[in-house]
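Enquirer: Chains as they are written, first to last, in our numbering: chain A, 1 to 234; chain B, 235 to 468; chain C, 469 to 702; chain D, 703 to 936.
Number of protein chains: 4
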Amino acid sequence: MSHPYKELQEQAYLANMQLPALGLVLFTFGNVSVADHNAGVFAIKPSGVPYDLLSPEKMVIVDFDANNVTNNGRPSSDTKTHAVLYKHWAHVGGIVHTHSTYATAWAQAQRDIPIYGTTHADHLTCDVPCAPPMHDDMIKGNYEHETGFQIMNCLNERKLSYEEIEMILVGNHAPFTWGKTADKAVYNAAVLEEVARMAYLTETIRPACPRLKDSLIKKHFERKHGPDSYYGQQ
Amino acid sequence: MSHPYKELQEQAYLANMQLPALGLVLFTFGNVSVADHNAGVFAIKPSGVPYDLLSPEKMVIVDFDANNVTNNGRPSSDTKTHAVLYKHWAHVGGIVHTHSTYATAWAQAQRDIPIYGTTHADHLTCDVPCAPPMHDDMIKGNYEHETGFQIMNCLNERKLSYEEIEMILVGNHAPFTWGKTADKAVYNAAVLEEVARMAYLTETIRPACPRLKDSLIKKHFERKHGPDSYYGQQ
Amino acid sequence: MSHPYKELQEQAYLANMQLPALGLVLFTFGNVSVADHNAGVFAIKPSGVPYDLLSPEKMVIVDFDANNVTNNGRPSSDTKTHAVLYKHWAHVGGIVHTHSTYATAWAQAQRDIPIYGTTHADHLTCDVPCAPPMHDDMIKGNYEHETGFQIMNCLNERKLSYEEIEMILVGNHAPFTWGKTADKAVYNAAVLEEVARMAYLTETIRPACPRLKDSLIKKHFERKHGPDSYYGQQ
Amino acid sequence: MSHPYKELQEQAYLANMQLPALGLVLFTFGNVSVADHNAGVFAIKPSGVPYDLLSPEKMVIVDFDANNVTNNGRPSSDTKTHAVLYKHWAHVGGIVHTHSTYATAWAQAQRDIPIYGTTHADHLTCDVPCAPPMHDDMIKGNYEHETGFQIMNCLNERKLSYEEIEMILVGNHAPFTWGKTADKAVYNAAVLEEVARMAYLTETIRPACPRLKDSLIKKHFERKHGPDSYYGQQ
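#1: Compare the C-beta of Lys687/C against all C-beta atoms of chain D and say whether one is closer than 8 angstroms.
#2: Which chain C residues are close to Gln457/B, counting only those with a beta carbon under 7 angstroms from its beta carbon?
#3: Are Trp856/D and Ile870/D touching if we call contact CB-CB under 8 angstroms?
#4: Tell whether a beta-carbon distance below 8 angstroms holds between Phe744/D and His784/D.
#5: In whole angstroms, what separates the C-alpha of Arg691/C from that of Pro75/A?
#6: Which term fits Gln935/D, buried or exposed, when burial requires 16 or more other beta carbons within 10 angstroms of its beta carbon?
#7: Using the Cβ count rule (16 or more neighbours within 10 Å means buried), how would you classify Pro207/A?
#8: Quick one: grab the DSSP three-state call for Gly850/D.
#9: Tyr377/B and Arg445/B: beta carbons closer than 8 angstroms?
#10: Using beta-carbon positions only, say whether Ser281/B and Tyr231/A come within less than 8 angstroms of one another.
#11: Whose C-alpha, out of Gly375/B, Ala365/B, Asp370/B and Thr381/B, is nearest the C-alpha of Leu394/B?
#12: Does DSSP put Met469/C in a helix, in a strand, or in coil?
#13: Sort Ser463/B, Lys314/B, Glu397/B and Asp361/B by Cα distance to Lys418/B and report the nearest one.
#14: In the DSSP output, which residue or residues are listed as bridge partners for Cys598/C?
#15: Check the Cβ-Cβ distances between Tyr187/A and every residue of chain B, and say whether any is below 8 angstroms.
#16: According to DSSP, is Ala558/C part of a helix, a strand, or is it coil?
#17: Closer than 7 angstroms, Cβ to any Cβ of chain C: which residues of the stretch 329-356 of chain B, in chain order?
#18: With 16 as the cutoff for other CB atoms within 10 Å, does Leu53/A come out buried or exposed?
#19: Return the residue from the list Pro290/B, Lys279/B, Phe455/B and His357/B that minimises the CA-CA distance to Glu427/B.
#20: Taking the continuous beta strand (DSSP E) assigned at Ala703/C, which residues delimit it?
#21: Please report the straight-line C-alpha distance between Met235/B and Tyr285/B, rounded to a whole angstrom.
#22: Quick one: what does DSSP say Leu476/C is sitting in, helix, strand or coil?
#23: Near Pro997/D, what residues of its chain come up, given a Cβ to Cβ distance below 6 angstroms and the 5 sequence neighbours on each side ignored?
#24: I'd like the span of the beta strand (DSSP E) that includes Thr879/D, first residue to last.
#25: Just to confirm, is the Cβ distance from Ile95/A to Ala196/A under 8 angstroms?
#26: Given a threshold of 16 other Cβ atoms within 10 Å of its Cβ, counted over all protein chains shown, does Gly264/B qualify as buried or as exposed?
#27: If you check the beta carbons only, do Ala650/C and Ala483/C fall under 8 angstroms apart?
#28: Can a CB atom of chain D be found closer than 8 angstroms to the CB of Asn592/C?
#29: Within 8 angstroms (strictly less), CB to CB, does Gly938/D reach chain A?
#30: Whose Cβ in chain C lies nearer than 9 angstroms to the Cβ of Ala876/D?
#31: Identify the continuous alpha helix (DSSP H) that holds Ile673/C and give its terminal residues.
#32: Under DSSP, the beta strand (DSSP E) around Phe671/D begins and ends at which residues?
#33: If we count the other Cβ atoms within 10 Å of its Cβ and call it buried at 16 or more, is His135/A buried or exposed?
#34: Could one say the Cβ of Gly850/D lies closer than 8 angstroms to chain C's Cβ atoms, at least one of them?
#35: Going by C-alpha to C-alpha distance, which of Ala503/C, Asn535/C, Leu669/C and Asp533/C sits closest to Val560/C?
#36: Between Ile907/D and chain A, is the shortest Cβ-Cβ distance under 8 angstroms, so that the two count as touching?
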């Protein structure tokens with residue numbers, strides 16, 4: 001076990017342990033990573049290890065080309081997706097992948113989550129994008145690596161910035177979220193699940209419900225995120 | 235920290251802590267205030283502070299023009315809505331705002347919650363009103379202040395008294411509830427969420443379900459609230 | 469406090485406390501009673517008292533004409549319904565009333581719960597009956613007393629025995645369940661809620677789903693209840 | 703109490719206790735068995751005994767012809783189904799039966815659960831099969847014994863191997879799952895419930911949703927189960 005990564009492992013451990021506490025994972029269906037861009041590595045959950053058996057020193061250190069640095073176990077099977085995103089996104093400090101129930105159902109339906117209310121607009125100004133399923137040759141090839149590109153391509157095609165839009169659904173699969181820190185990425189995973197649930201209920205209550213109007217989207221997002229934001233403590 | 239408001243802060247703290255206990259909030263998506271009409275102030279949750287980090291002395295004291303009296307932090311971003319309601323509603327002692335899941339879904343659908351059963355009629359004699367989304371100029375202007383007027387205007391247009399109808403949905407946004415005390419306002423927030431959930435299920439079980447008939451509405455409301463009520467201890 | 473009823477109060481207290489533990493009540497929306505047919509009385513939850521403030525000595529003793537025997541508080545507002553049922557049903561030892569979410573939604577929709585599977589057939593051999601809402605003059609009159617007759621009339625019209633069918637929905641209102649003991653009545657309340665939830669999901673998965681066929685209804689009911697039953701310990 | 707079965711009973715006890723912990727059972731609506739193929743017996747939950755009253759020594763030992771070996775109580779009423787499956791499936795070490803809510807709703811609807819996403823494909827490569835309800839003469843006869851054959855026939859007709867497909871719905875009834883160990887069978891029961899819930903939500907979000915494409919089914923299953931699997935620790 002390498003000592004230089006002790007703090008990173010501790011952070012990754014604490015972030016991972018939030019997933020079951022927030023009800024976002026069944027068994028091992030999820031993982032969190034925390035990056036150190038200066039060192040060019042990230043710490044990630046070991047593959048298939050139940051949450052109640054995790055400990056900081058079991059977190060695996062991987063570089064941005066997905067090489068296992070610490071060799072203290074096999075990292076999450078989704079590691080290459082994390083690696084490629086960190087390699088391209090310099091300002092992302094944490095990434096979360098879950099199979100949370102409602103967000104995954106939208107991904108399975110291959111639908112964007114429409115922006116129906118201010119709970120959604122408090123966090124992002126557009127529908128939650130759903131990246132289309134990959135082409136067969138990408139699936140058969142370097143699947144998890146390509147998943148990272150599928151995510152980045154989807155944002156690029158829609159002219160969305162990863163620094164503004166911190167969540168996505170991968171079609172047929174499940175959600176990924178990220179943020180400047182791992183805590184923010186975990187927060188986004190829980191917000192996404194709640195937004196997905198509310199949108200599900202909204203469409204049942206009112207089929208063909210109209211989206212939130214632009215003025216409300218702008219107002220709510222800027223309350224929390226604009227230069228004149230007035231949410232939270234200073 | 236001003237000592238004169240110690241009791242008010244304590245009340246606001248206890249009322250706020252009921253929201254996570256009742257499952258009505260995710261993270262910081264909610265707030266409770268408690269008013270002292272003699273002193274012309276109310277205590278409200280500080281903005282963006284997680285519930286498990288709250289304490290009585292962190293509750294911010296604000297006057298009915300939304301001026302920060304204690305300056306011990308930034309009050310909830312919804313503070314101006316609370317202020318304007320207290321200013322106009324002399325008999326309201328507590329106000330609650332949440333983004334509870336089912337009530338928010340009805341708000342997002344911009345629909346009143348139909349009165350389908352006695353659980354609803356035990357608490358109010360009409361559909362739960364949903365105020366329409368505001369005009370764009372109101373949203374761009376003093377948004378939270380205008381939200382208070384949007385609530386009052388909706389009640390006025392429907393000739394409803396805030397002393398009888400203690401809950402409302404703000405279209406596209408989420409619910410507000412109130413009461414003579416903060417405890418009653420929190421109680422109303424939980425009742426609204428349950429009524430919203432039951433109405434959701436009822437419409438799925440029977441689309442175009444008829445509303446409760448007048449005789450049952452009257453009977454159930456008067457059991458609990460009329461001059462000859464016989465619910466509860468004397 | 470009369471000592472002769474100490475045991476009955478203890479039983480009623482324990483049975484009432486099962487309702488929140490089973491997730492069947494919000495606040496005070498439910499009550500359990502336990503009858504002593506030899507003494508001609510039953511113990512019932514006091515009206516409007518939160519479950520966490522209950523204690524055995526607060527249980528109110530009432531006779532089968534709904535007279536308050538112990539005068540240690542006001543009994544549940546539904547007391548007259550319990551009284552009239554005990555008066556007519558000699559073999560019922562406990563009655564439960566809740567506003568549990570799914571069962572209440574079916575009651576609000578004024579629909580019987582169709583028998584779709586063996587979970588239902590393990591407990592009763594027909595749809596869960598939904599009694600129609602009462603006539604206006606009955607509602608305006610002795611409402612809770614008439615509710616008891618509404619329940620009994622519904623069973624009689626369908627030629628159902630209260631000793632075989634231990635649960636019913638009162639249209640627009642909520643469920644009542646009963647049994648030889650209060651424990652059985654509480655058990656039935658939880659089973660009804662689960663059966664109501666499963667039927668709700670079944671109809672969404674398959675609209676116009678066929679009912680369970682007679683051979684399976686008979687088999688499952690007799691496994692648990694027939695003369696040759698082989699469920700449970702001997 | 704026979705000492706030779708002490709370990710088997712302990713395993714069965716621990717496996718059974720996982721069902722309430724995972725939220726898969728109400729009251730006694732479920733059971734787990736653990737087989738010892740060398741000894742030709744299995745340990746199974748006693749019939750109708752609440753989970754909080756279970757202990758290892760109450761587990762009943764039964765042989766593969768469903769004879770009670772230990773006579774320390776009556777085994778689960780579903781025992782003959784377990785027995786016949788163990789008799790024919792040499793590589794199954796544990797079997798689970800529950801009435802978990804979403805899986806049971808699909809069984810009541812008599813529908814296979816379509817494979818809509820990778821959560822499903824991580825565990826099996828086809829729809830979760832729903833065996834049709836049995837013919838009336840089989841129901842009237844040796845019902846639980848025939849249920850085992852109904853399960854095996856369904857797999858055979860679809861050319862599915864019990865070593866690859868470890869879960870099934872019995873039409874109108876509820877799910878059965880199995881595995882090389884009882885722990886795996888319990889794991890499968892929880893996975894099935896989650897897959898059933900996600901499929902339910904997916905169909906509501908997008909009626910007539912397409913199934914997962916073959917390349918993704920293959921990729922996800924082989925990540926976890928193929929000869930080149932890279933999920934979990936080595």
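In this text, a Cβ means the ideal position worked out from N, Cα and C, and glycines have one as well.
Expert: Let me spell this out:
#1: yes
#2: Reading the sequence as shown, one finds Arg at residue 457/B and not Gln. Simply Ser545.
#3: Note that residue 856/D is Cys in the sequence shown, not Trp. Cβ atoms of Cys856/D and Ile870/D: closer than 8 angstroms.
#4: yes
#5: 50 angstroms
#6: exposed
#7: exposed
#8: helix
#9: no
#10: yes
#11: Ala365/B
#12: Only weak support is given to the placement of Met469/C: the predicted model assigns it a pLDDT of 46, under 50, and the question is left unresolved by the model.
#13: Glu397/B
#14: Leu637/C
#15: yes
#16: coil
#17: Tyr350, Gly351, Thr352 and Thr353
#18: exposed
#19: His357/B
#20: Residue coverage of chain C in this structure runs from 469 to 702, which leaves residue 703/C outside it and unanswerable.
#21: Reliability of the predicted coordinates at Met235/B is poor, the pLDDT of 46 falling under 50, and the value obtained from them is presented with this limitation in mind. One C-alpha to the other measures close to 20 angstroms.
#22: helix
#23: This structure cannot settle anything about residue 997/D, because the visible part of chain D is limited to 703 through 936.
#24: Pro877 to Gly881
#25: no
#26: buried
#27: yes
#28: In the sequence on display, residue 592/C carries Leu and not Asn. So no, Leu592/C is outside the interface.
#29: This structure cannot speak to residue 938/D, because chain D is shown only from 703 to 936.
#30: Gly585, Thr586 and Thr587
#31: Ala650 to Ile673
#32: Absent from the model: residue 671/D. The displayed extent of chain D is 703 to 936, so no value can be given.
#33: exposed
#34: no
#35: Ala503/C
#36: yes
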